[in-house]
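Asks: The structure that follows is given in the form of structure tokens.
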Amino acid sequence: MAIALPLPDEFIRGHYGRLRQLHKFRITQRCKSLRFLSSSDLKGENQQLPHQLVASAIGMDTSTYLMRHSLVPFLYLAAPDESSTTDFETPGAKKGIATCLARPNAYFCIDCIQFDRETQHFSYWRREHQLPGVDVCQEHRQPLMWIGDARAFECPPEAWQFSAQPVSPDLASLHSLPIIGRYCSVAKRFLTGGQRVWLHSAAVHHRMHAARHDLRVGLRGNRPNLSSFVARNFPNLWLEEHFPSLLNMGNDKSCAAIDAACRSAQHTAGMVHAMILAATSDCSTTTLDEFFSPISQNFLESLRHVQRENRSSQQRKKRAHNENRKRARIAADRHALLAPYLEHRGVYSEIAKAFGVSVMAVSKRFRRVELPSLARKPPQIQNEILVGLKNELARETHCATTHDGMHSSLDHPPAEFTP
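So the sequence shown is numbered by full-length UniProt numbering: it starts at 1 and just counts up by one.
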């Protein structure tokens, strides 16, 4: 039996619906319901997902089927490593990913339906119309129609043309704005380009574009961050419909989905990358080619060297900070212990008796701040050490008093001069 092949850019759910109409089976059932498969193809049926079975039946590689007919290339744009930039089968292997939607409704174009009827006598669902943020057919410049029925893709779009609702005119009119046009062209390139991008490479390109606008891509700083810049460039009506988390963004606020894309985070959605590129670049063919091009080995090595240096610098700063805190604690502790140490002439047993603690506790506390026991020292050496410590205590007390006095004088206006 001949199996209906998917049409150019036909959405995978729409293809499932056509197969059900033509071959009288339900794609949601397991392999036994796929009547067009031979018995030899049913082996290992429990291990295969519907899209894998359909791809096998039409003689197409599973990864190619997902690349050409699902939203996986857009929804899972960023790949975890360079070797996965042409792999669409791995993300699609998760249950439900191959047929997942990027927005809740099903969308189609009236003019596309008319064109399909004239050329092939039936219409089909185009996956380009299902892209988030796309409200107008880019070929016919007509507002898309939408239907919220969960079974929409089981029938051709022409079956819904009289019950579907058009995208609001205000939302459709935004398509004439340059930034929305750039976003739509980038989103289409992501969907149809046949290539994913290494997330680290994408982060490098986003940082380069952000730097040209003097934007902050790190976690700290006073400059506006990338997410606030993107929010300012997109119309509020468009954001309210497609990306509400960016509404009412200030310079001091951050949207994790946007800002994380500059830090090689595990964010894979193409919508985020398309919005960043639309806001920070001209989205020309050259720019998009550079976005997908691999990072040069020399640049990658220099980047790794900088990252290592940054980590080493951060570690040195952390160690220095910890050492300074430790020295400050020891100095404060020593100053507090000098008075009882001098009072009992550095004899640990006398100090322990005065405070009602063990000699071991006194020894541990005083040795930590370099105040040793003087019990066995000759009287002359005892006196020399104690005199030096008395002078140290006097200096510290004087400095503390002077410091407090300065603050006190600054807190009050100067007294009037009296001749």
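By construction, the Cβ of each residue, glycine as well, lies at the ideal position given by its N, Cα and C atoms.
1) Rounded to whole angstroms, how far is the Cβ of CYS184 from the Cβ of HIS140, which I believe are closer than 8 Å?
2) How many whole angstroms separate the CB atoms of PRO91 and VAL72, which I take to be in contact at a CB cut-off of 8 Å?
3) What are the residues that DSSP puts in a beta bridge with ALA320?
4) For GLY59 and PRO169, what's the separation of their Cα atoms in angstroms?
5) Check the Cβ-Cβ distances between LYS188 and every residue of chain C, and say whether any is below 8 Å.
6) Between GLY96 and the rest of its own chain, which residues show a CB-CB distance below 8 Å, the 5 nearest in sequence each way excluded?
7) Return helix, strand or coil for ARG20, following the three-state DSSP convention.
8) Considering only DSSP beta bridges, list what PRO143 is partnered with.
9) Ignore the nearest five residues each way along the sequence and tell me which others in PHE74's own chain have a CB closer than 6 Å to its CB.
10) In this structure, does DSSP put PHE162 in helix, strand or coil?
11) Can you say whether GLY148 is buried or exposed, counting buried as having 16 or more other CB atoms within 10 angstroms of its CB?
12) From ALA352 to LEU371, what does the alpha carbon distance come to, in whole angstroms?
13) Leaving out five residues on either side along the sequence, give the residues of the same chain with a beta carbon under 7 Å from the beta carbon of ILE180.
14) Between which two residues does the beta strand (DSSP E) holding TYR124 run?
15) For TYR107, does the three-state DSSP call read helix, strand or coil?
16) Cutting at 7 Å between CB atoms, please list the residues of its own chain near ALA203, excluding the five before and the five after it.
17) At what residues does the alpha helix (DSSP H) containing LYS188 begin and finish?
18) Give me, in chain order, the residues of the same chain whose beta-carbon lies closer than 6 Å to that of LEU288; leave out the 5 immediate sequence neighbours on both sides.
19) In terms of residue numbering, what span does the alpha helix (DSSP H) encompassing LEU247 cover?
20) Measure the C-alpha to C-alpha separation of ARG365 and HIS205 and round it to an integer number of angstroms.
Replies: In short, the structure shows the following:
1) Not quite, the Cβ-Cβ distance comes to about 13 Å (not below 8 Å), so this is no contact.
2) 6 Å
3) Paired residue(s): none; ALA320 is not in a bridge.
4) In a straight line, the C-alpha of GLY59 is about 43 Å away from that of PRO169.
5) Looking for chain C here will not work: only one protein chain is present.
6) none
7) helix
8) VAL136
9) PHE190, LEU191, GLY270
10) coil
11) exposed
12) Near 14 Å, if we compare the C-alpha coordinates of LEU371 and ALA352.
13) LEU174, TRP238
14) Segment: none, TYR124 is in no beta strand (DSSP E) and carries neither H nor E.
15) strand
16) ALA261, CYS262, ARG263, SER264
17) 178-192
18) ARG189
19) Premise fails: LEU247 is in no alpha helix (DSSP H) and is neither H nor E.
20) 56 Å
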